[in-house]
Amino acid sequence: MSADLDSLRLPTAAERAEARASTGIARSTVTRLAILLAALLLLALVSVASLFIGSGGFSPEVVWRALTEGGTDTTSVLITDFRVPRLLLGLVVGCALGLAGAVIQAVTRNPLADPGILGVNSGAYFAVVVAVAVMGTADLSSYIWWSFAGAGIAAVVVYLIGSRSGATPVRLVLAGVALSAALQGVTFSITLRNPDIFDKIRFWQAGSLQNRQLDTVLGVLPFFVVGVLLALLVARSLNVVALGDDLATSLGAKIVRTRLISVVAITLLCGAATAAAGPIAFLGLMAPFIARAIVGPDQRWVLPLTMVFAPLVFVSADVVGRVIVQGEMPVGIVTAFVGAPVLVLLIRRSKTQGL
722 MSADLDSLRL PTAAERAEAR ASTGIARSTV TRLAILLAAL LLLALVSVAS
772 LFIGSGGFSP EVVWRALTEG GTDTTSVLIT DFRVPRLLLG LVVGCALGLA
822 GAVIQAVTRN PLADPGILGV NSGAYFAVVV AVAVMGTADL SSYIWWSFAG
872 AGIAAVVVYL IGSRSGATPV RLVLAGVALS AALQGVTFSI TLRNPDIFDK
922 IRFWQAGSLQ NRQLDTVLGV LPFFVVGVLL ALLVARSLNV VALGDDLATS
972 LGAKIVRTRL ISVVAITLLC GAATAAAGPI AFLGLMAPFI ARAIVGPDQR
1022 WVLPLTMVFA PLVFVSADVV GRVIVQGEMP VGIVTAFVGA PVLVLLIRRS
1072 KTQGL
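Remember, the numbering used here sits 721 above the position in the sequence shown when you count from 1.
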């Protein structure tokens, strides 16, 4: 009888918390859809606000007139040629980095993974600086390919270093941090020895959307679309990969193909985002963390929610950067201020469990 009573004991608070973390706070499809729609609505509101909030604010009426009627006056040109492309690029870059972070975390089964922390952004950044300094590359259509190459090589190097004695979340993070530090040191030495190059990329290297125009958006859009499609294509397979290689193989999952497609998607998304806006850290860490807290580890929900949460955070950070100081603070600095405490929180909470 006592054995039966022991088997019927209530779960402890820690066990209940772990169960909530494994399923998320939104367990029904209806609730998840409602949260997704609410996030989309909030993203739309922030996007509209970004058009008339800034160092030079405009009323909603002025913005509407510029969008619908156009014009050659300074205000209309500023809105249509600078703020609208800046908003569009913020949406694309935010979505790309958030989605890349979610895929990296799923593939490595590492909740601490992020394109910035794992050195992917630093690899893309280093390659672009080399292209500008050595090859004389000056336009997006040329150096975006260097960005792709740097992102892909950095991802492979970090994985090879971090998995030599068995890939664990901490090893991968340490390998990524070490590679990032090395690449950033070399990159800074190149830029400091060449003042002209430093002047060209000083805003870009801090992570900024300032003075980006529509041609930048159009230049990265095809790569962004392909990267998104590839990431969504492997969402179901990533759920199986999360079970571990042996079990995933026994269930018929094609692990090598899934990882290969994931690496291509990560390279396209990070390469395009870094080429357009510079290295942005922590965004790929925060957005998937929020999504998993809501819907649990199911990548079929995590990826779409991340695609909304990441640009929401990024565009909001860009707006804050415009008004928090006189002039403008680069959005990469704002996201770092927000993301660093999130990383500390995750490290303190995490027992380095897989996803």
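Cβ atoms here follow ideal geometry from the backbone N, Cα and C, with glycine treated the same way. Here the structure is a predicted model, which means the values were calculated and not measured.
Consult DSSP for residue i and reduce its assignment to one of helix, strand or coil.
i: R957; result: helix
i: L839; result: coil
i: L729; result: Unreliable placement is indicated for L729, whose pLDDT of 43 sits below 50; the coordinate value is still reported in the next sentence. DSSP places L729 in coil when its eight states are reduced to three.
i: T858; result: coil
i: Q1047; result: coil
i: D917; result: helix
i: R1069; result: helix
i: A952; result: helix
i: T937; result: helix
i: S884; result: coil
i: T793; result: coil
i: G775; result: coil
i: Q1020; result: helix
i: P1000; result: coil
i: A742; result: Below a pLDDT of 50, predicted positions are generally treated as unreliable, and A742, at 45, falls in that range; the measurement from the model is reported next regardless. Helix, per DSSP.
i: L820; result: helix
i: G1042; result: helix
i: R804; result: helix
i: P832; result: coil
i: L1006; result: helix
i: A963; result: coil
i: R753; result: helix
i: A927; result: coil
i: L972; result: coil
i: A1057; result: helix
i: R892; result: helix
i: S1037; result: helix
i: S780; result: coil
i: R980; result: helix
i: A747; result: coil
Within 10 angstroms of the Cβ of residue i, are there 16 or more other Cβ atoms? Answer buried if so, exposed if not.
i: T750; result: exposed
i: G815; result: buried
i: S780; result: exposed
i: G906; result: exposed
i: A903; result: exposed
i: S910; result: exposed
i: I1011; result: buried
i: G1048; result: exposed
i: D860; result: exposed
i: P916; result: exposed
i: G873; result: buried
i: P943; result: exposed
i: G1017; result: buried
i: D1039; result: buried
i: N932; result: exposed
i: P1062; result: exposed
i: T733; result: Here the model assigns T733 a pLDDT of 47, short of 50, so the residue's position is not dependable, and the following value carries that caveat. Exposed, by the Cβ-count rule.
i: L989; result: buried
i: D936; result: exposed
i: Q934; result: exposed
i: D967; result: exposed
i: G857; result: exposed
i: L808; result: buried
i: L1066; result: exposed
i: R1013; result: buried
Is the closest heavy atom of the ligand PLP to the C-beta of residue i under 7 angstroms?
i: T937; result: Of ligands this structure carries none, so the ligand PLP is not represented either.
When you compare the CB of residue i with every CB in chain C, is at least one pair closer than 8 angstroms?
i: A969; result: As a matter of chain content, chain C is missing from the structure shown, which is built from one protein chain.
Cβ pair count under 8 angstroms reaching 3, the region 819-827 against the region 948-968: yes
With a threshold of 8 angstroms, are at least 3 pairs of Cβ atoms found where one atom belongs to the region 1000-1009 and the other to the region 783-792? no
How do the region 894-902 and the region 837-856 stand: do at least 3 beta-carbon pairs fall below 8 angstroms, yes or no? yes
May I ask you to verify whether the region 796-804 touches the region 843-853, counting CB pairs closer than 8 angstroms and requiring at least 3? no
How about the region 754-768 and the region 1030-1038: do they share at least three Cβ pairs that are nearer than 8 angstroms? yes
If contact is defined by three or more beta carbon pairs under 8 angstroms, each pair taking one atom from either stretch, is the region 987-1001 in contact with the region 960-974? no
contact_flag[the region 1052-1059, the region 924-941] where n(CB pairs < 8 angstroms) is 3 or more: yes
Hey, is the region 975-992 in contact with the region 1038-1046, meaning 3+ C-beta pairs nearer than 8 angstroms? no
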